[in-house]
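Take the sequence shown: its position 168, counted from the start at 1, is 167 in numbering that gives the first Met the number 0, and no numbers get skipped. Built from N, CA and C at the ideal position, the CB exists for glycine as well. Here the structure comes first, spelled out in C-alpha cells, and everything after it is commentary.
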Amino acid sequence: MFFDLNYILIVLIPGLIMSGIASMLVKSAFSKYSQIGTRRGYTGAQAAKILMDNAGIHDVQIVPTHGFLSDHYNPSTKTLALSEQVYGSQSVAAIGVACHEAGHAVQHASGYVPLGLRSAIVPVVSFGAPLSNTLLMLGLFLHMQPLLLLGIIAFSLVVVFQLITLPVEFNASSRAKRLCVEAGIIDADERVGVDRVLNAAALTYVAAFVSSLFTLLYYLHRAGLLGGRRD
C-alpha cells in the first residue's frame, strides 16, 4: 500500500494532534496576555532595542512585518522583524515575543554554536525539504529503493535542523525571561505572563520535531532499515 494504517495511526494522526494542541496553546496564551499591558509601558520594538543595547548590539535593524506571530531574527541580514501584534504593542505577550527575538540577536553576537549550526544548514534544508517529499513518494509508489533512500537522507536533514532548533529556541526564551526583568522592561511579577507565552511557543518546536521524527522512523521502517520491513 502507498499509505498504510500504521502511517495514519502512528504518524499522521498524532502529528496533527500535537501540532493542533501546540498551536491552540500558543494562540490562547498570546491572546490572553496581549490584553494585559505592562506597567513600564515599553513597546515590543523598544524592549528588543533595550536588550540589544545592553548586550552591546547596535548594528541590528528592528523592522515591522506582516503576518500573525511572524516575528523572526535573520542572522544574515542582521534584521529583527516584529509582527504588527508585537512591534508597537505594550502588552506582556508582545514584550515576551520581542525579547525572545532579541535573544536570538544576542546569541548571534555571542557566537552561540547551535545558532551558527542552524544557520549553516538552512540552504541545504531549504533545498532538501521539498525534494525529500518527492523522493519519498516516488520511492514508495514506484517501489524504487534508491529513490526512497535518497528521500530518507534528505528528510533526515530536516529532522536534524529541527533538533538543532530546539536548544536555539529554548535558550533564546531563557535569555528573554531573565533579561526582560533584569533590564527593567517588566516587573518581576509580570514575568509569569512572559513565561507562559514563551513556554507555549516552545511546544510548537517540540511538536514539529517529534512529528518529523516519527515520519522519519516510519520511512526507515518502510525501507527495511528499521524493524525488518521492506516494500
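Could you check what DSSP says for residue i in three-state terms: helix, strand or coil?
{"i": "H71", "result": "strand"}
{"i": "A80", "result": "strand"}
{"i": "V124", "result": "helix"}
{"i": "T164", "result": "helix"}
{"i": "G40", "result": "coil"}
{"i": "D89", "result": "Note on residue identity: the sequence assigns Gln, not Asp, to residue 89. In this structure, Q89 counts as coil in the three-state DSSP scheme."}
{"i": "Q34", "result": "coil"}
{"i": "V205", "result": "helix"}
{"i": "M0", "result": "Low confidence applies to M0: its pLDDT is 43, below 50, so where it sits in the model is not reliable enough to give any reading."}
{"i": "V62", "result": "strand"}
{"i": "H142", "result": "coil"}
{"i": "H99", "result": "helix"}
{"i": "I56", "result": "coil"}
Go through its chain and collect everything with a Cβ distance to residue i's Cβ below 6 Å, but skip five positions before and after it.
{"i": "A175", "result": "C98, H99 and G102"}
{"i": "G95", "result": "V193, V196 and L197"}
{"i": "M0", "result": "Interpretation of M0 is limited by its pLDDT of 43, a score under 50 that renders its predicted location unreliable; the figure taken from the coordinates is listed afterwards. If we look at M0 and ignore the five residues flanking it on each side, it has no Cβ neighbours."}
{"i": "G40", "result": "Q89"}
{"i": "P74", "result": "H107 and S118"}
{"i": "A28", "result": "R195, V196 and A199"}
{"i": "A46", "result": "I94, A97, C98 and I184"}
I'd like to confirm the pairing. Which residues does DSSP put opposite residue i in its beta bridges?
{"i": "T214", "result": "Paired residues: none, contrary to the question."}
Taking 8 Å as the limit between beta carbons, can you name the residues of its chain near residue i, skipping five residues before and five after?
{"i": "N170", "result": "G102, Q106, Y111 and P113"}
Please return the same chain residues whose Cβ sits closer than 7 Å to the Cβ of residue i, not counting the five positions on each side in sequence.
{"i": "E83", "result": "P63 and H65"}
{"i": "P13", "result": "F213"}
{"i": "I9", "result": "F213 and Y217"}
{"i": "I35", "result": "S90, V91 and G192"}
Could you tell me how far apart the beta carbons of residue i and residue j are, in whole angstroms, since I believe they sit closer than 8 Å?
{"i": "T42", "j": "G87", "result": "5 Å"}
| field | Any beta strand (DSSP E) of 3 or more consecutive residues that is wholly inside the region 170-196 | value | If only complete runs of 3 or more residues are kept, the region 170-196 shows no beta strand (DSSP E) anywhere.
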